[in-house]
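The structure appears below as structure tokens.
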Amino acid sequence: INPDIAEERENAKFDPIELTYVIDGGKEKTERRRFLESEALNDPVFDDPADIAFLTDEQRHTNSVRKSLHMVRRLQEMEITNHMESHWFRVAVHRSEEIALSLHASMFQHTVMHQMTEEQQAYWLRATKDYTLLGTYAQTELGHGTFLRGLETTATYDPTTQEFEIHSPTLTSMKWWPGNLGKTATHAIVAAQLYTKGSRMGVHMFMVPLRSLETHLPHPGVELGDIGPKLGYNNIDNGFLRFNHYRIPIENMCMRHSKVMPDGTYVPPPHKKISYGSMLPIRSGIVGNTGWYLSKGSTIATRYSVVRRQSELIPGTKEAKILDYQSQQLKIFPNLATAFAFIFTGREMMKHYFESLAEMDEGNYSSLPELHATSAGLKAFTSSVMASGLEELRTSCGGHGYSKASGFPELYGTAAPASTYEGENTVMFLQTARYLMKV
Amino acid sequence: ARQAGSKDKLVGCAAYLQADLPPRCLAKRQIDFLRQDILVDAYKHRAKSVVMLAARRLGEELKKGHSQPIAWNNCHMYLVKAAMAHCHLYCVESFFDGVNTSETSQPALDALMTLCQFYAIFGISQNKGDLLQDGYMNGEQLNMLERQLIDLLAVIRPIAVTLVDAFDVPDKMLSSVLGRYDGNVYENLYEWAKSSPLNKKEVPDAYKYIGPFLRE
């Protein structure tokens, strides 16, 4: 142990594990998290072939998929179904990288559970939970993001064959960005404009098979590919998808809230924003995650700042630990405090979400507008504060913060997309403002 | 904002829009800025005033004859600020609630409360213009607030490493040579650099360009 950091711990006023219990929500949870992390960190199959900084993007993708599939098997063997426990294990498996196949276990599965009927779930939920298919969630298009009503992909119902024809009518209607869409996923929940009996009924969700489960080749009428290198997420094949008059059976429309009858008659949902429901848990979850990203950045910057010495604080003495400089404290401590603030806020947000979800399952949608506005605004607020905070923490490490050895480039690349995915932040703020003006 | 002006009682996270808040910040001494009620009231006041300001600006735009979408677009600056202030308040209240309901030792609880106070004070300092603009706080109070901010730095400094250790992130998950738990940074930076693929050969492939260039 470096004596400068050992000295800090010797002078501690409390045992850090006490706060760890608070952060995790109790001693038992900390012990369970540590157990699951050790299962992942001590399993040699989860070791990377080299430091990921030295791997190519293709090597990282292959390695990431390899680890993810072993992770699925281990989760099944350990019979882990609890969302939080599963999350702890997934994070430990992927370490500083984005979790591969994360959309399968989150938005894809969430849509199956909350937007499909019980009859539909009888097949799709089992397939999803058993991983006999690999799913993703295809909403964003090349020319359209947060404004869902602007999506161009069409799903036109044909009552003569009782099929939907899924089509990408323009270049800008190509699905663009979904995680693991390019080369890995076999199925996608696709957001498309529903047309039936010649009328447009708005955006609805469809379960669409993309690749053969035997050969992994795309089905005829489906064009798939990777969108190329990005600022971060370079272990993930974020993809593009273009349909050419591709047909799926009527049963593949998510029909829990709105329906298309075999003759083409449309039955509307009880609440117009109900189909946006899959966004809510993700946005709510982002809030707490921003706290975790800041906690990592604060950990790196604080520990390094008691090892790094620079200049004489008092002339003629040893170079001072840089954390003793007030300017350094002003860079790090606000972000350290913010990490705790966002962890607590994320917990509150998830509590709010689960309470509202329980009400909605009982048919009470009164809390939906507030939940929608709160999750949108908090997602935007926390992710924008986090992104600028990580940059400040990086610069607090001087030149070494620029090296990939610091962990900051990967951390920032993995954390920063939260400012633009699941709704670009300014648009999210304006959605919250709309609610505030109404109330 | 629309409902707040009516007799309908607001519930949930926007209830503060109808709350009776002190018209001026009640802090008289520097230490008052450690009080939860004074800090949270400042955030409520800021959120309420910027939300209501946005609503007024929107109303003015509508009175000019603009359609709702154009009026909305002309108020983006106020609206985004209103949403941010609302969310900032939510975070401050959640942090205080989280600390107040935490069960742990007194020193750990004190540390957590210090961080919470620091978070709230820092946020006010960063957004002081909103609180000065309508006279909710005055210059003297802001001086006291910022002196309290500086004093808290000295409280956090000795426990900073303990606080980040509490996040309990194993080295393999942190993936940072600088943030190693053992603090052995420099020797491991050197080892990490040596493992770079560029260091596999003493003479790099790029020498096919360097050599002829130097010989020219």
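Chains as they are written, first to last, in the working numbering: chain C, -12 to 426; chain Y, -9 to 206. Even glycine gets a Cβ: it sits at the ideal position worked out from N, Cα and C.
Do residue i and residue j have their C-beta atoms within less than 8 Å of each other?
i        : j         : result
R296(C)  : I287(C)   : no
T159(C)  : E139(C)   : yes
R82(C)   : M58(C)    : no
D224(C)  : N167(C)   : yes
I237(C)  : E152(C)   : no
N322(C)  : G278(C)   : no
G173(Y)  : N(-11)(C) : yes
M428(C)  : L365(C)   : Absent from the structure is residue 428(C), since the part of chain C shown begins at -12 and ends at 426.
R19(Y)   : M134(Y)   : yes
V247(C)  : F230(C)   : no
E24(C)   : G2(Y)     : no
V70(Y)   : D120(Y)   : no
F329(C)  : T152(Y)   : no
T141(C)  : H154(C)   : yes
T127(C)  : K162(C)   : yes
S37(Y)   : A75(Y)    : Note that residue 37(Y) corresponds to Ala in the displayed sequence, not to Ser. Yes, Cβ-Cβ distance for A37(Y) and A75(Y) is below 8 Å.
I(-8)(C) : R290(C)   : yes
L197(C)  : A178(C)   : no
Y253(C)  : M188(C)   : yes
Excluding sequence positions up to five away, which residues of its chain have a Cβ less than 6 Å from the Cβ of residue i?
i       : result
L135(C) : V190
S362(C) : L267, R270 and S271
G130(C) : T159
G219(C) : G400 and T401
I149(Y) : A101
G251(C) : Y144, P146, T183 and K184
D22(Y)  : I28
P31(C)  : none
Distance, Cα to Cα, residue i vs residue j?
i       : j        : result
N351(C) : V274(C)  : 25 Å
L377(C) : Q180(C)  : 39 Å
K54(C)  : D(-2)(Y) : 55 Å
A17(Y)  : H35(Y)   : 14 Å
Y124(C) : G333(C)  : 23 Å
E18(C)  : A44(Y)   : 48 Å
Y171(Y) : Y8(C)    : 19 Å
E299(C) : F112(Y)  : 28 Å
S51(C)  : M100(C)  : 26 Å
P6(C)   : A98(Y)   : Note on residue identity: the sequence assigns Leu, not Pro, to residue 6(C). Near 6 Å, if we compare the C-alpha coordinates of A98(Y) and L6(C).
A37(C)  : P396(C)  : 17 Å
F331(C) : L121(C)  : 33 Å
E72(C)  : S185(Y)  : 34 Å
A196(Y) : T407(C)  : 39 Å
A307(C) : A144(Y)  : 16 Å
N239(C) : I60(Y)   : 40 Å
E342(C) : E349(C)  : 11 Å
D161(Y) : F368(C)  : 29 Å
Closer than 8 Å by C-beta to residue i: which residues in its own chain qualify, once you throw out the five before and the five after it? Chain order, please.
i       : result
R47(C)  : I39, E84, N221 and N222
V167(Y) : V175, N178, L179 and W182
L28(C)  : A79
Could you pull out every residue in the same chain whose Cβ sits closer than 7 Å to the Cβ of residue i, ignoring the five residues on either side in sequence?
i       : result
T133(C) : G410, E411 and V414
R20(C)  : D11 and W75
A156(Y) : none
F86(Y)  : Q26, V30 and C106
L398(C) : S83, Y280, K283, G284 and L377
L7(Y)   : A(-9), A(-6), L0, K38 and V41
S199(C) : H206
P216(C) : D44
G394(C) : S83 and I287
Going by alpha carbons, who is nearest to residue i out of the options?
i       : options                               : result
P12(Y)  : E177(Y), M127(Y), N189(Y) and A144(Y) : M127(Y)
A9(Y)   : L48(Y), Q(-7)(Y) and I21(Y)           : Q(-7)(Y)
T119(C) : H91(C), E299(C), L398(C) and E106(C)  : H91(C)
S93(C)  : E105(C), E26(C), T68(C) and F331(C)   : T68(C)
D34(C)  : D158(Y), A98(Y), R147(Y) and S165(Y)  : S165(Y)
E50(Y)  : Y68(Y), P194(Y) and D124(Y)           : Y68(Y)
L142(Y) : T173(C), L88(C) and A324(C)           : A324(C)
C241(C) : L204(C), F416(C), M192(C) and P207(C) : M192(C)
L281(C) : L380(C), V254(C) and A345(C)          : L380(C)
E14(Y)  : I200(Y), M42(Y) and L132(Y)           : Glu is not the amino acid found at residue 14(Y); the sequence shown has Arg there. Checking every option, the nearest Cα to that of R14(Y) belongs to L132(Y).
H387(C) : S292(C), R60(C) and F327(C)           : S292(C)
M373(C) : K391(C), P404(C), C384(C) and G385(C) : P404(C)
Any heavy atom of the ligand ZN inside 7 Å of the beta-carbon of residue i?
i      : result
K18(Y) : This structure lacks the ligand ZN; in fact it carries no ligand of any kind.
Q) What are the start and end residues of each continuous alpha helix (DSSP H) run of 4 or more residues lying completely inside the stretch 93 to 158 of chain Y, in chain order? A) Counting whole runs of 4 or more residues, the stretch 93 to 158 of chain Y contains the alpha helix (DSSP H) stretches 96 to 116, 118 to 123, 129 to 146 and 150 to 155.
Q | Start-end ranges of the alpha helix (DSSP H) lying completely within the stretch 149 to 176 of chain C, minimum 4 residues | A | Within the stretch 149 to 176 of chain C, no complete alpha helix (DSSP H) run reaches 4 residues.
Q.
As an exercise, report each continuous alpha helix (DSSP H) stretch of at least 4 residues that is fully enclosed by the stretch 31 to 80 of chain Y, in chain order.
A. As far as the stretch 31 to 80 of chain Y is concerned, its whole alpha helix (DSSP H) runs of at least 4 residues are 58 to 63.
Q: At 4 residues or longer, and completely inside the stretch 42 to 67 of chain C: list those alpha helix (DSSP H) runs for me, N to C.
A: Taking 4 residues as the shortest admissible run, the stretch 42 to 67 of chain C contains the following complete alpha helix (DSSP H) segments, listed from N- to C-terminal end: 44 to 64.
Q | Every unbroken beta strand (DSSP E) within the stretch 79 to 152 of chain C, with a cutoff of 3 residues, ordered by chain | A | Qualifying beta strand (DSSP E) stretches, in chain order: 122 to 125 and 141 to 145.
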